[in-house]
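Undergrad: Residue numbers (the numbering used here): 45 to 257. Ideal Cβ positions, reconstructed from N, Cα and C, are used throughout, including at glycine. Here the structure is a predicted model, which means the values were calculated and not measured. One structure coming up, written as structure tokens, with questions to follow.
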């Protein structure tokens with residue numbers, strides 16, 4: 045079942061299930077599932093269980109929490125805590141690492157990003173993290189955002205939210221543009237920015253907020 049992110053890349057549809065297989069990969073022309081069935085038949089899948097998908101270079105990674113866990117109880121698994129979002133925008137690349145740090149670069153080489161993803165396979169139910177972000181380029185700026193929950197990127201700003209506030213940074217310099225206190229925490233990935241710059245957030249208490257005019 046489709047419970048998490050969907051990602052379309054190079055004629056393949058990736059579906060994050062948030063369970064034992066994530067992602068499931070399908071050919072968009074035939075609908076054929078491209079996953080190897082042998083590990084599943086032997087109950088030895090080492091796939092991450094997360095419902096979040098990210099494109100790192102030319103590689104698709106899955107990470108984040110399994111959907112069968114309670115959202116208010118931590119899951120201490122490195123496939124949950126080790127994450128990466130790479131998002132190009134114009135002549136800048138934004139990298140969000142482990143829900144704790146934002147970095148801004150000039151456009152990064154795709155092959156170098158792909159090499160950050162590990163192909164290590166550890167047998168018998170032991171999952172491994174996606175890899176390690178390591179590039180030779182120095183960031184133009186970086187901003188610590190511990191326990192951040194949601195990120196949205198526009199042509200001139202990076203907006204992130206934690207459990208208590210939402211903050212906008214200038215894309216060019218990383219300087220804070222504004223910050224707004226939230227009445228409750230947003231849900232993971234529960235933020236979007238429209239074409240006029242208004243920020244929309246979905247909160248865990250059921251509220252939907254619009255910030256801007």
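Return yes when the C-beta of residue 141 is under 7 Å from any heavy atom of the ligand SAH, and no when it is not.
TA: Among the components modelled here there is no ligand, and therefore nothing to report on the ligand SAH.
Undergrad: Please go through the segment 106–160 and give each complete beta strand (DSSP E) segment of 3 or more residues, from N-terminal end onward.
TA: Listed in chain order, the complete beta strand (DSSP E) runs (minimum 3 residues) inside the segment 106–160 are 128–133, 136–141 and 145–149.
Undergrad: Just the Cα atoms here: how many angstroms apart are residue 210 and residue 113?
TA: Roughly 26 Å separates the two Cα atoms.
Undergrad: Within 10 angstroms of the Cβ of residue 175, are there 16 or more other Cβ atoms? Answer buried if so, exposed if not.
TA: Classification for residue 175: buried.
Undergrad: Taking 7 Å as the limit between beta carbons, can you name the residues of its chain near residue 183, skipping five residues before and five after?
TA: Excluding residues within five positions, the ones whose Cβ falls inside 7 Å are 147, 148 and 149.
Undergrad: Considering only the beta carbon of each residue, do residue 253 and residue 195 sit closer than 8 Å?
TA: Contact flag unset, no.
Undergrad: Taking residue 110 as the reference, give the member of 99, 93 and 103 with the closest Cα.
TA: Checking every option, the nearest Cα to that of residue 110 belongs to 93.
Undergrad: Checking the sheet assignment: what are the DSSP bridge partners for residue 205?
TA: According to DSSP, residue 205 bridges with 194 and 210.
Undergrad: Out of 179, 101 and 173, point me to the one whose CA is closest to residue 154's CA.
TA: Considering only alpha carbons, the answer is 101.
Undergrad: Exposed or buried, which one is residue 58 when buried takes at least 16 other CB atoms within 10 Å?
TA: Burial call: buried.
Undergrad: Based on Cα-Cα distance, which residue from 82, 200, 56 and 251 lies nearest to residue 74?
TA: When each option's Cα is compared against that of residue 74, the closest is 56.
Undergrad: Under the DSSP definition of a beta bridge, which residues are partnered with residue 103?
TA: 100, per the DSSP bridge assignment.
Undergrad: According to the neighbour-count rule (16 or more other Cβ atoms, all chains shown, within 10 Å of its Cβ), is residue 51 buried or exposed?
TA: Answer is buried; the Cβ neighbour count reaches 16.
Undergrad: Taking the beta strand (DSSP E) that residue 225 belongs to, which residues open and close that run?
TA: Unbroken beta strand (DSSP E) run through residue 225: 220–225.
Undergrad: In this structure, does DSSP put residue 81 in helix, strand or coil?
TA: Helix, per DSSP.
Undergrad: Taking the straight line between their C-alpha atoms, what separation do you get for residue 249 and residue 242?
TA: Taking the straight line joining both Cα atoms gives about 21 Å.
Undergrad: Going by DSSP in three states, residue 252 sits in which element: helix, strand or coil?
TA: Three-state result, residue 252: strand.
Undergrad: Does residue 191 pass the burial test, meaning 16 or more other C-beta atoms within 10 Å, or should it be called exposed?
TA: Its Cβ having fewer than 16 others within 10 Å, residue 191 is exposed.
Undergrad: Which residues does DSSP pair with residue 187 in a beta bridge?
TA: Its beta-bridge partners are 146.
Undergrad: Could you please give the first and the last residue of the uninterrupted beta strand (DSSP E) stretch that includes residue 68?
TA: Per DSSP, residue 68 belongs to the beta strand (DSSP E) from 68–71.
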